[in-house]
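This report refers to the structure that appears directly beneath it.
There are 2 protein chains.
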Amino acid sequence: MPKNKTKPISTAIEDYLKAIWLVAQDASASTNDLALQLKISAPSVSSMLGKLREQNFVHYEPYRGVRLTEKGEREALRLLRRHRLIETFLLEHLGYDWGEVHEEAEKLEHAVSDTFTERLDTFLGHPSHDPHGDPIPTLKGKLPVTPNTPFAELSIGETLKIARLMSQDKDVLTYLKSLAIEPSKELQLVKREPVGGLVHVEIDGAETVLSKELAMLIRGEVIV
Amino acid sequence: MPKNKTKPISTAIEDYLKAIWLVAQDASASTNDLALQLKISAPSVSSMLGKLREQNFVHYEPYRGVRLTEKGEREALRLLRRHRLIETFLLEHLGYDWGEVHEEAEKLEHAVSDTFTERLDTFLGHPSHDPHGDPIPTLKGKLPVTPNTPFAELSIGETLKIARLMSQDKDVLTYLKSLAIEPSKELQLVKREPVGGLVHVEIDGAETVLSKELAMLIRGEVIV
DNA sequence: ACTTTATTTTAGTTATGCCTAAAAATAAGA
DNA sequence: TCTTATTTTTAGGCATAACTAAAATAAAGT
Chain A
705 MPKNKTKPIS
715 TAIEDYLKAI
725 WLVAQDASAS
735 TNDLALQLKI
745 SAPSVSSMLG
755 KLREQNFVHY
765 EPYRGVRLTE
775 KGEREALRLL
785 RRHRLIETFL
795 LEHLGYDWGE
805 VHEEAEKLEH
815 AVSDTFTERL
825 DTFLGHPSHD
835 PHGDPIPTLK
845 GKLPVTPNTP
855 FAELSIGETL
865 KIARLMSQDK
875 DVLTYLKSLA
885 IEPSKELQLV
895 KREPVGGLVH
905 VEIDGAETVL
915 SKELAMLIRG
925 EVIV
Chain B
705 MPKNKTKPIS
715 TAIEDYLKAI
725 WLVAQDASAS
735 TNDLALQLKI
745 SAPSVSSMLG
755 KLREQNFVHY
765 EPYRGVRLTE
775 KGEREALRLL
785 RRHRLIETFL
795 LEHLGYDWGE
805 VHEEAEKLEH
815 AVSDTFTERL
825 DTFLGHPSHD
835 PHGDPIPTLK
845 GKLPVTPNTP
855 FAELSIGETL
865 KIARLMSQDK
875 DVLTYLKSLA
885 IEPSKELQLV
895 KREPVGGLVH
905 VEIDGAETVL
915 SKELAMLIRG
925 EVIV
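Note that the protein sequences, when read in sequence, are chains A and B.
Count along the first sequence from 1, then add 704; that gives the number in my numbering.
Count along the second sequence from 1, then add 704; that gives the number in my numbering.
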């Protein structure tokens with residue numbers, strides 16, 4: 705009779721898996737990147753990576769970086785699903801604003817069961833994307849494909865149908881909202897300044913200016 | 705400059721405070737009672753009680769039992785408020801049944817912020833009691849007074865307006881529900897068997913029999 | 001190639017919060 | 001009261017997951 709001990713997944717492990725996914729999707733992440741992302745010291749990360757490998761959540765050779773195994777990615781996406789459904793609930797039904805949502809979801813995602821998650825999914829009407837426009841992984845761990853062209857890459861005169869805003873910073877999000885820049889809106893590139901990369905844009909008939917950095921965060925689909 | 709270290713309240717501490725409150729409200733609880741309630745060994749409880757005393761959550765002299773301080777009770781009631789609001793949400797909006805609710809709420813109550821709790825309270829319409837009929841502590845830590853006479857103590861012919869069912873056991877709750885015994889219903893004591901304490905009751909015009917133990921769990925107000 | 005710098009790992013601590021086994025205090029029964 | 005039984009505490013461990021300091025490895029610069 706083999707041991708076959710399936711250890712429970714701690715919230716620490718969940719956070720590591722999510723961090724690896726965020727930092728390196730399917731590529732490979734460095735110890736330092738993870739330490740930064742998790743706000744934890746590099747030695748702590750290093751030692752945890754050993755444990756994650758032992759439990760087959762990651763491929764990891766010392767000094768050579770980490771990447772998620774299939775098992776690890778499954779868990780990361782399961783957590784991401786919980787996170788984004790919870791965010792959707794907080795924003796749409798409890799009156800949270802951008803600034804408050806993240807921290808709360810970060811705690812709750814570790815506490816809810818699969819049952820809760822699926823009931824919440826039903827309650828919310830099975831959304832495919834959260835209010836940021838980020839895709840919500842399905843129960844089977846598939847990510848709905850999402851138009852992802854950065855606004856910054858358009859040519860003069862082109863228009864982007866906004867799908868998502870790739871930031872979780874409160875100030876960024878509320879600033880964009882104050883300009884009416886939100887998922888499903890259409891944004892046209894009017895002019896690009898020759899130095900500094902500022903872009904002039906038109907939305908809802910009004911014109912404003914965006915920095916290059918901001919323009920990189922706005923993603924969506926180029927339309928005719 | 706004094707240290708003045710206000711340590712964060714761990715989920716373990718929250719569970720102990722809740723357990724002490726449940727076991728001994730304002731009276732004093734024994735180490736063993738708590739070990740039973742928390743499903744933790746007595747030595748573990750003993751050592752934790754020392755820590756709780758150091759942080760002024762409890763009054764505790766070795767061998768002489770524990771009771772909550774004002775500070776401890778405030779925390780216990782804050783947790784209880786979260787618990788009961790969460791249960792209400794799960795039962796009324798996510799389609800949970802009696803059996804599933806407890807476990808989920810037990811985890812979530814440690815994860816939600818005060819902000820979440822108050823937004824949820826608003827979402828739910830500021831309920832004073834949860835669907836069990838248990839009173840929900842207010843933000844200020846007051847417990848709404850609740851009619852609390854056990855059905856078992858009525859005299860023949862008297863009727864109880866049910867306010868709460870003092871059990872968190874799935875089977876008990878669903879059994880009572882199958883007999884239409886729920887908060888706000890009226891239950892009349894028809895007859896008491898001379899041996900064994902079985903009671904014959906009438907509810908919604910139908911008659912059934914309840915054990916003495918069950919009759920103790922049904923609480924409410926005697927009406928004319 | 002070699003030296004400096006940066007990254008990563010090892011070694012050794014710490015704090016929580018649980019456990020079992022054994023000792024001490026209290027409570028109960030003859 | 002004195003002995004037995006129960007309850008509670010002390011003693012000593014273990015697992016998780018963080019930390020700092022120092023050593024090892026890898027990367028970059030000249």
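Backbone N, C-alpha and C define an ideal beta-carbon position, used for all residues, glycine too.
All values derive from a computational prediction rather than experimental measurement.
Any chain B beta carbon closer than 9 angstroms to residue i
i        : result
A/Ser714 : no
A/His797 : yes
A/Tyr800 : yes
A/Glu804 : yes
A/Leu726 : no
A/Lys722 : no
A/Leu794 : yes
7 angstroms Cβ shell around residue i - same chain, five flanking residues per side excluded
i        : result
A/Ser732 : Gly769, Val770, Arg771
B/Ser871 : Leu877, Leu921
B/Asp838 : Arg788, Arg868
9 angstroms Cβ cutoff met for residue i and residue j
i        : j        : result
B/Thr735 : B/Ser714 : no
A/Glu808 : A/Leu794 : yes
A/Leu783 : B/Leu798 : no
A/Tyr764 : A/Leu738 : no
B/Gly776 : B/Leu756 : yes
B/Ile840 : B/Ala780 : no
A/His830 : A/Glu791 : no
B/Val816 : A/Leu789 : no
B/Glu796 : B/Leu847 : no
B/Glu810 : B/His833 : no
B/Val821 : B/Arg785 : A small fix is needed here, since residue 821 of chain B is Thr in this sequence, not Val. Contact: yes.
Option in the options with minimal Cα separation from residue i
i        : options                                : result
A/Lys844 : A/Lys881, A/Asp818, A/Val894           : A/Asp818
B/Leu858 : B/Gly837, B/Gly901, B/Glu804, B/Glu911 : B/Gly901
A/Val903 : A/Gly803, A/Pro854, A/Leu869           : A/Pro854
B/Val849 : B/Glu897, B/Arg757, B/Val894, B/Arg868 : B/Arg868
A/Asn852 : A/Asp801, A/Ser888, A/Ser915           : A/Ser888
A/Ile860 : A/Ile885, A/Pro898, A/Pro841           : A/Pro898
B/Leu914 : B/Tyr879, B/Pro839, B/Asp834           : B/Tyr879
A/Leu742 : A/Ala716, A/Pro766, A/Asn760           : A/Ala716
B/Lys874 : B/Pro841, B/Glu804, B/Gly837           : B/Glu804
B/Glu758 : B/Phe827, B/Ile744, B/Gly829, B/Thr710 : B/Thr710
B/Leu712 : B/His814, B/Trp802, B/Ala728, B/Phe820 : Before going further, note that residue 712 of chain B is Pro rather than Leu in the sequence given. It is B/His814.
B/Ala856 : B/Ala910, B/Lys895, B/Gly909           : B/Lys895
A/Ile693 : A/Lys916, A/Ala919, A/Ile885           : No information on residue 693 of chain A is available, as it lies outside the stretch 705 to 928 that chain A covers here.
B/Val905 : B/Asp801, B/Glu917, B/Arg785, B/Leu891 : B/Leu891
B/Ser882 : B/Lys722, B/Glu822, B/Tyr767, B/Trp802 : B/Trp802
B/Asp730 : B/Pro747, B/Gly909, B/Arg778, B/Thr912 : B/Arg778
B/Val762 : B/Ala728, B/Gly909, B/Arg785           : B/Ala728
Residue i at chain A interface by Cβ criterion, 9 angstroms
i        : result
B/Lys874 : no
B/Thr808 : In the sequence on display, residue 808 of chain B carries Glu and not Thr. Yes - at least one Cβ of chain A is within 9 angstroms of the one on B/Glu808.
B/Lys889 : no
B/Lys811 : yes
Own chain partners of residue i with C-beta closer than 6 angstroms, once the 5 adjacent residues on each side are dropped
i        : result
B/Glu862 : Leu893, Val926
B/Lys707 : Any reading at B/Lys707 is ruled out, since the residue's pLDDT is 48, under 50, leaving its predicted position unreliable.
A/Gly924 : Pro851, Leu864, Lys865, Ile866, Ala867
B/Tyr800 : Leu794
Query - Near-chain A residues of the stretch 816 to 850 of chain B - C-beta to any C-beta below 9 angstroms - result: Of all residues in the stretch 816 to 850 of chain B, those with a C-beta nearer than 9 angstroms to a C-beta of chain A are Val816, Ser817, Thr819, Phe820, Arg823, Leu824, Thr826, Phe827, reading in chain order.
The stretch 760 to 787 of chain B: positions lying closer than 9 angstroms to chain A by Cβ: Within the stretch 760 to 787 of chain B, no residue qualifies.
Of the residues that make up the stretch 895 to 914 of chain A, which ones have a beta carbon closer than 7 angstroms to any beta carbon in chain B?
Residues: none.
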